[in-house]
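These notes concern the structure reproduced below.
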Amino acid sequence: MNPASSTAKPMPERAINAWRHFWFRPTPTYTLGAVRILFGAIVVLWTLSLLGDLDDLFSTYGVVPAHRGGTYENGVFEFWAGDRALMIGWALLLISAIALTVGWHSRLAALLVFVLVLSFEFRNPFVFNSGDALLRIEALLLALSPCGAALSLDQRRAGGKFWSAQMRAPWALRLLQFQLSLIYISTFQVRMTGNKWPEGTALSYAFRLEDMLIIPLPHWVVTSAELMNLATWGTLVLELVIGILVWNRRCRRYVLTAGVALHSIILVTVAVGFFTPAMFVLYLAFIDPETIRRLPETVKSAVHQRFATDQRETPSRSDITDRVST
3 MNPASSTAKP
13 MPERAINAWR
23 HFWFRPTPTY
33 TLGAVRILFG
43 AIVVLWTLSL
53 LGDLDDLFST
63 YGVVPAHRGG
73 TYENGVFEFW
83 AGDRALMIGW
93 ALLLISAIAL
103 TVGWHSRLAA
113 LLVFVLVLSF
123 EFRNPFVFNS
133 GDALLRIEAL
143 LLALSPCGAA
153 LSLDQRRAGG
163 KFWSAQMRAP
173 WALRLLQFQL
183 SLIYISTFQV
193 RMTGNKWPEG
203 TALSYAFRLE
213 DMLIIPLPHW
223 VVTSAELMNL
233 ATWGTLVLEL
243 VIGILVWNRR
253 CRRYVLTAGV
263 ALHSIILVTV
273 AVGFFTPAMF
283 VLYLAFIDPE
293 TIRRLPETVK
303 SAVHQRFATD
313 QRETPSRSDI
323 TDRVST
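Okay, so the sequence shown: first residue is 3 according to this note's numbering, each after it adds one.
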């Protein structure tokens, strides 16, 4: 009998151990800290984007004078109404988003961000889209997670450095990662039940919505059946591939790079609000913690290398004097 086979663990036990390892084996929280920083910065911009239309969209004399009071659509502005409450809520959201970015009382800041983002979205749901809903989901996951355990003022107050990390179970990061796959796979399934995506015409319709376009595409591109068919079907296939192959370590870099390119094109062509930045938060959840830990060293090395190159290329004063004298 082979000794290795006699000591091998049964399949059910190995499966249970792999499950526990995936969700609960302590790992450095560098990635979670980076996700918190990026998300907090995005919410700061999201909050600032509301300021110019705050009264018109959310006040008692705006387009929606009162809270709709729909099922499971409760927010603080339903119980704490009034224009003063609206301004206080906006200011508190901005402060909470900044605190979340730098990691000061991170979980409390994330909870406040979740409650206030939810409250604004439910106060007037007609001005938000799926990207805003995704920000709300990400805020909730961060509020439940130890998001201040790395790259934070909380970590510095605990006796460590700002750019340091504790060892924690990665379950919150896994939920963010699964959110990415869920979005792509469910979107593919919904699109395949309609007509425009399977027929290859969906993007042609999207690029003709002039009030939604940031950079209009040339008319010959939008009206080309071949190009629009290729772009529509290519988008469908790419999103499904990302949702599945992102879990393969060998393919991850390539599918994430393709996804970044796809969402960057969407960002500069179609006005989809904060959908693309919210998706990039989920992309960041797949970056290896060691890569983020080495980021300051990598940047410092690149700057020194660039500085040294410039020094070699820039002639010294003595070289200039010699050239003039000759």
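Every residue, glycine too, gets a C-beta built ideally from N, C-alpha and C.
Might you give, ordered along the chain, the residues of its own chain that have their beta carbon closer than 6 Å to the beta carbon of residue i, omitting 5 neighbours on each side?
i    : result
R308 : none
W106 : L155
T31  : A151, A152, A167, Q168, R170
V104 : L155
W21  : none
Who are the near neighbours of residue i in its chain, counting only those whose CB is closer than 7 Å to its CB and skipping five residues on each side?
i    : result
A310 : none
V248 : L182, S183, R254, V257, L258, F288
E75  : F124
A204 : K198, T234
V117 : V78
Could you give the DSSP three-state label for residue i: helix, strand or coil?
i    : result
P2   : Shown here, the chain extends from 3 to 328; a query on residue 2 therefore has no answer.
L331 : The question about residue 331 has no answer here: the residues shown for the chain are numbered 3 through 328.
A145 : helix
V272 : strand
R255 : helix
R296 : coil
V248 : coil
N231 : helix
W106 : coil
S7   : Summary for S7: the model assigns pLDDT 48, below 50, so the residue's position carries little reliability; its value from the coordinates is reported in the next sentence. Three-state DSSP puts S7 in a helix.
S303 : helix
S183 : helix
G2   : Lying before the first or after the last residue shown, residue 2 is absent from the chain, which here runs from 3 to 328.
T189 : helix
T195 : coil
D290 : coil
S226 : coil
P127 : helix
R138 : helix
R210 : coil
T203 : coil
P220 : coil
If I'm right that residue i touches residue j with Cβ under 8 Å, what's the distance once you round it to whole angstroms?
i    : j    : result
L178 : E140 : 7 Å
L284 : L40  : That belief does not hold up - the Cβ atoms of L284 and L40 are roughly 10 Å apart, past 8 Å.
L175 : F122 : Not quite, the Cβ-Cβ distance comes to about 27 Å (not below 8 Å), so this is no contact.
H306 : F282 : With 8 Å as the limit, H306 and F282 do not qualify as a contact, their Cβ atoms being about 28 Å apart.
G275 : N126 : Actually they do not touch by this definition, with Cβ atoms about 14 Å apart.
F190 : E228 : With a Cβ gap of about 22 Å, F190 and E228 do not count as contacting.
A99  : G42  : 6 Å
A280 : L136 : 4 Å
Would you say the beta carbon of residue i comes nearer than 7 Å to a heavy atom of the ligand FAD?
i    : result
F128 : Because no ligand of any kind appears in the structure shown, any question about the ligand FAD cannot be addressed here.
Out of curiosity, what's the CA-to-CA distance linking residue i and residue j?
i    : j    : result
L113 : L142 : 7 Å
A167 : K198 : 47 Å
A145 : V223 : 44 Å
P220 : D55  : 32 Å
G35  : D290 : 12 Å
A304 : I294 : 15 Å
G236 : R251 : 23 Å
F81  : V129 : 21 Å
C149 : I44  : 16 Å
F164 : G133 : 30 Å
L110 : I216 : 37 Å
E201 : S108 : 47 Å
I244 : V262 : 11 Å
L120 : T278 : 19 Å
W173 : W25  : 5 Å
M194 : N231 : 14 Å
L269 : V115 : 24 Å
S188 : I267 : 21 Å
L102 : S226 : 46 Å
With a CB to CB cut of under 8 Å and the five nearest residues on each side skipped, what residues in its chain are close to residue i?
i    : result
L96  : V46, T49, L50
A208 : M214, V272
T62  : A68, A83, G84, D85
N19  : K11
Within the stretch 148-174, ranges of the alpha helix (DSSP H) (whole runs, at least 4 residues): 155-159
Complete runs of the beta strand (DSSP E) confined to the stretch 12-91 [at least 3 residues]: none
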